[in-house]
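Notes for the one structure printed next.
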Amino acid sequence: MGKKSERSSFTSKLGFVLAAAGSAVGLGNLWRFPYLAAQYGGGIFLFVYVILAFTFGFTLMVTEVAIGRKTGKSAISAFRSLDKRFGFVGILATIVPVIITPYYCVIGGWVTKYLAVYLSGAGHAASLDGYFGAFISQPWQPLVWFFVFVIATSVIVVLGVEKGVEKASKIMMPVLLVLSLVIAVYSCTRPGALGGILYYIRPDFSRLSVKTVLAALGQLFYSMSLAMGIMITYGSYMPKETNLESSVRQIEFFDTLIAFLAGLMIIPAVFVFSGGDESAMGAGAGLMFITLPKVFLSMPGGQFIGGLFFFLVLFAALTSSISLMETIVSILMDKLGWNRLFATVSTMVFVLIAGIPSSLGFGIWSHITPLGMDLLDFFDFVSNTVMMPIVSFLICFLAAYILKPDTIIKEAQANGASFKSEKFYRIMIRYVAPIGIIAIWVSSMAAGLGLFSW
Ligand code: PHE
9 MGKKSERSSF
19 TSKLGFVLAA
29 AGSAVGLGNL
39 WRFPYLAAQY
49 GGGIFLFVYV
59 ILAFTFGFTL
69 MVTEVAIGRK
79 TGKSAISAFR
89 SLDKRFGFVG
99 ILATIVPVII
109 TPYYCVIGGW
119 VTKYLAVYLS
129 GAGHAASLDG
139 YFGAFISQPW
149 QPLVWFFVFV
159 IATSVIVVLG
169 VEKGVEKASK
179 IMMPVLLVLS
189 LVIAVYSCTR
199 PGALGGILYY
209 IRPDFSRLSV
219 KTVLAALGQL
229 FYSMSLAMGI
239 MITYGSYMPK
249 ETNLESSVRQ
259 IEFFDTLIAF
269 LAGLMIIPAV
279 FVFSGGDESA
289 MGAGAGLMFI
299 TLPKVFLSMP
309 GGQFIGGLFF
319 FLVLFAALTS
329 SISLMETIVS
339 ILMDKLGWNR
349 LFATVSTMVF
359 VLIAGIPSSL
369 GFGIWSHITP
379 LGMDLLDFFD
389 FVSNTVMMPI
399 VSFLICFLAA
409 YILKPDTIIK
419 EAQANGASFK
429 SEKFYRIMIR
439 YVAPIGIIAI
449 WVSSMAAGLG
459 LFSW
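Below, the structure is given as structure tokens:
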């Protein structure tokens with residue numbers, strides 16, 4: 009992607025939508041969304057998330073894609089070419105994937121391990137209580153799977169065969185959607201699932217807090233691959249003829265649908281298998297790995313379905329990790345003039361080393377708990393909850409007050425394309441998004457520091 013000669017390489021709208029959706033749909037939807045929803049009160053989290061997705065998410069994605077298409081550049085250069093004073097935003101945006109990629113690959117390793125478990129017919133063992141905890145607390149096993157995942161990602165990036173992967177995603181994504189639907193229907197029809205469905209769907213406003221809103225906002229940026237320049241890069245490859253607004257709508261709809269279904273697969277099942285004990289909802293990062301094997305065990309053909317499911321999750325995780333790694337690699341190639349092989353190998357070595365603490369943080373390094381979190385959670389918190397809102401705020405500010413909303417709107421209307429949400433966009437980008445992001449961020453950080461509690 010990083011080479012200038014390859015720019016403008018999406019020949020169709022479908023090409024752009026598929027590539028962007030491949031980056032967006034990943035562990036954020038399948039692994040992260042359900043455990044956050046479970047942890048932050050179920051329905052209230054879902055409610056806040058969906059509202060934010062179609063307001064803030066839409067606004068930011070339109071802005072990033074439009075900036076990319078207008079400048080024809082990837083993040084760092086795009087910001088600088090728009091306004092010299094905003095060059096630092098490109099640098100901040102680059103730090104985000106540098107933090108995320110290592111721990112993302114640790115989770116990718118867990119998924120690879122679970123696929124191997126199902127392929128070897130050991131699904132029953134994986135469904136036992138304590139299996140997941142025993143796995144992640146060992147030093148070597150999770151590290152080996154993490155290495156496997158990183159190497160797989162790196163090989164694809166080195167060979168530059170993302171195009172092939174994108175083609176395959178044309179088939180894999182719909183299959184993932186259908187399979188998720190089947191598993192969700194199965195989970196929701198288990199005896200005792202109703203309490204869990206209600207917990208997930210019905211918002212309990214007494215559980216609304218500014219921390220829930222910030223968690224939903226961070227999840228939104230993460231899941232839609234925003235606030236790190238990736239959508240700017242994809243935008244730079246988008247042909248002018250493609251309708252920007254409808255492409256963005258499609259991506260956000262698909263991304264939100266997959267996240268919603270993932271919650272529907274997992275949260276009612278947590279209720280069923282814990283006998284309605286709400287404390288089971290707080291399992292955190294392991295929720296998917298603990299709950300789904302129990303669902304598969306109780307399902308006819310569950311061994312096969314479990315294998316197929318983890319295969320598809322692995323695929324979705326790979327398309328996202330490729331886009332994360334590609335971002336770092338193309339910056340190294342552009343800025344330092346390195347060739348693809350050297351840039352990728354260097355990134356791979358960095359990721360392999362930087363991911364080790366996140367992996368060991370559940371075992372021999374579990375005593376290291378910055379801000380009371382295990383190491384993986386800590387990196388996740390720094391990138392998604394602290395950094396992404398800052399970068400997003402700066403992008404809004406740049407678009408609204410330096411470039412002016414008209415610049416973005418004109419880009420969305422290039423070639424006479426329609427932009428139905430024009431008025432809405434103007435209000436969002438000028439007032440609601442920047443003020444909202446800062447207000448949520450500041451009040452939540454203050455609450456975290458114990459300055460007040462809401
Ligand atoms: N959006 C991806 C997911 O949901 C994660 C990701 C973030 C990928 C940022 C690329 C860039 O899993």
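Residue 9 is where the sequence shown starts when you use the numbering used here, and the numbers rise one by one after that.
Built from N, CA and C at the ideal position, the CB exists for glycine as well.
These figures come from a predicted structure and were not determined experimentally.
Quiz prompt | Beta-carbon gap between Thr102 and Ile445 smaller than 7 Å | solution = For the purposes of this step, residue 102 is taken as the residue at position 94 of the sequence shown. For the purposes of this step, residue 445 is taken as the residue at position 437 of the sequence shown. No, Cβ-Cβ distance for Thr102 and Ile445 is not below 7 Å.
Exposure label - Ala447; buried when at least 16 CB within 10 Å = Along the sequence shown, one-based indexing puts residue 447 at 439. Ala447 should be labelled exposed.
- Could you check the C-alpha separation between Thr264 and Thr67 for me, to the nearest Å? Counting from one through the sequence shown, the residue named residue 264 turns up at place 256. Counting from one through the sequence shown, the residue named residue 67 turns up at place 59. The straight-line gap from Cα to Cα measures roughly 15 Å.
Cα-Cα separation between Phe96 and Phe87, rounded to whole angstroms: The sequence position of residue 96 within the sequence shown is 88, counting from 1. The sequence position of residue 87 within the sequence shown is 79, counting from 1. About 8 Å.
Can you give the beta carbon distance from Tyr126 to Phe281, rounded, assuming they're within the 8 Å contact cut?
Position 118 of the sequence shown holds residue 126. Position 273 of the sequence shown holds residue 281. Rounded, the Cβ-Cβ distance is 18 Å, inconsistent with contact.
Quick check: the Cα distance between Thr335 and Arg198, rounded to an integer number of angstroms? Within the sequence shown, residue 335 is the residue found at index 327, counting from 1. Within the sequence shown, residue 198 is the residue found at index 190, counting from 1. Spanning the two alpha carbons is a distance of roughly 43 Å.
*asked:* Can you check which of these residues, Met436, Gly65, Ala455, is closest to Gln258 by C-alpha distance?
replied: By 1-based counting over the sequence shown, the position of residue 258 is 250. Gln258 has its Cα closest to that of Gly65, out of Met436, Gly65, Ala455.
Open item on the list: Measuring straight from C-alpha to C-alpha, what distance separates Leu228 and Leu44?
Closed with: Position 220 of the sequence shown holds residue 228. Position 36 of the sequence shown holds residue 44. Their Cα atoms are separated by approximately 11 Å.
Exercise for review: Check whether the Cβ of Asn37 sits closer than 6 Å to any heavy atom of the ligand PHE, and report yes or no.
Suggested key: Stepping through the sequence shown from its first residue, residue 37 is reached at position 29. For the ligand PHE, at least one heavy atom lies less than 6 Å from the Cβ of Asn37.
- Could you tell me if Lys248 is buried or exposed, where buried requires 16 or more neighbouring beta carbons within 10 angstroms of its beta carbon? On the sequence shown, position 240 is the one that residue 248 refers to. Exposed is the call here.
(Q) If contact is defined by three or more beta carbon pairs under 8 Å, each pair taking one atom from either stretch, is the segment 393 to 411 in contact with the segment 235 to 246? (A) yes
_Taking 6 Å as the limit between beta carbons, can you name the residues of its chain near Ile372, skipping five residues before and five after?_
Stepping through the sequence shown from its first residue, residue 372 is reached at position 364. Closer than 6 Å at the Cβ level, and outside the excluded window around Ile372, lie Pro147.
Handout entry: Beta carbon of Ser298 nearer than 7 Å to that of Met307
Key = Counting from 1 along the sequence shown, the entry for residue 298 is found at position 290. Counting from 1 along the sequence shown, the entry for residue 307 is found at position 299. The sequence given here places Ile at residue 298; Ser does not occur at that position. Not in contact: Ile298 and Met307 (Cβ atoms no closer than 7 Å).
**Complete runs of the beta strand (DSSP E) confined to the segment 318 to 346 [at least 3 residues]** = none
Please look up how many angstroms separate the CB atoms of Thr165 and Met333, rounded, as I've assumed it's under 8 Å. For the purposes of this step, residue 165 is taken as the residue at position 157 of the sequence shown. For the purposes of this step, residue 333 is taken as the residue at position 325 of the sequence shown. The sequence as given places Val at residue 165; Thr does not occur at that position. Contact flag correct, Cβ pair sits at about 5 Å.
Going by the CB atoms, is the gap between Ile275 and Tyr230 shorter than 7 Å? Numbered from 1 along the sequence shown, position 222 holds the residue referred to as residue 230. Numbered from 1 along the sequence shown, position 267 holds the residue referred to as residue 275. No, the Cβ-Cβ distance between Tyr230 and Ile275 is not below 7 Å.
Excluding the five sequence neighbours on either side, which residues of its own chain have a C-beta within less than 6 Å of the C-beta of Glu14, listed in chain order? Reading the sequence shown from its first residue, position 6 is the one you call residue 14. Below a pLDDT of 50, predicted positions are generally treated as unreliable, and Glu14, at 46, falls in that range; no measurement from the model is reported.
- prompt: Rounded to a whole number of angstroms, what is the C-alpha to C-alpha distance between Gly290 and Leu54?
  reply: Against the sequence shown, residue 290 aligns to sequence position 282. Against the sequence shown, residue 54 aligns to sequence position 46. About 16 Å.
task = Output the residue ranges of the alpha helix (DSSP H) runs that lie fully inside the segment 111 to 173 and measure 4 residues or longer, sorted by chain position.
result = 131 to 134, 139 to 144, 148 to 167
- Expressed to the nearest angstrom, what Euclidean distance is found between the alpha-carbon atoms of Ala176 and Ser135? Counting from one through the sequence shown, the residue named residue 176 turns up at place 168. Counting from one through the sequence shown, the residue named residue 135 turns up at place 127. Roughly 30 Å separates the two Cα atoms.
**Item:** Beta-carbon contacts of Gly407 that lie in its chain and below 6 Å, excluding the five residues immediately before and after
**Value:** Locating residue 407 in the sequence shown gives position 399, counting from the first residue. In the sequence under discussion, the amino acid at residue 407 is Ala, which differs from the Gly named in the question. Taken in chain order, the residues that qualify are Thr71, Ile416, Ile437.
**Item:** Assigned exposure category for Ala27 - 16 Cβ within 10 Å defines buried
**Value:** Here residue 27 is taken as the residue at index 19 of the sequence shown, counted from 1. It counts as buried.
message = Just verifying my parser: in three-state terms, what is the DSSP assignment at Arg210?
response = As a first step, residue 210 must be located in the sequence shown, where it is residue number 202. DSSP places Arg210 in coil when its eight states are reduced to three.
Do Tyr111 and Phe386 come within 7 Å of each other at the CB atom, strictly closer than that value?
As a first step, residue 386 is located in the sequence shown; it is residue number 378 there, counting from the start. As a first step, residue 111 is located in the sequence shown; it is residue number 103 there, counting from the start. Taking 7 Å as the Cβ cut-off, Phe386 and Tyr111 do not qualify as a contacting pair.
Count the other CB atoms within 10 Å of the CB of Ala74; is the residue buried (16 or more) or exposed (fewer)? Counting from 1 along the sequence shown, the entry for residue 74 is found at position 66. Buried: at least 16 other Cβ atoms inside 10 Å.
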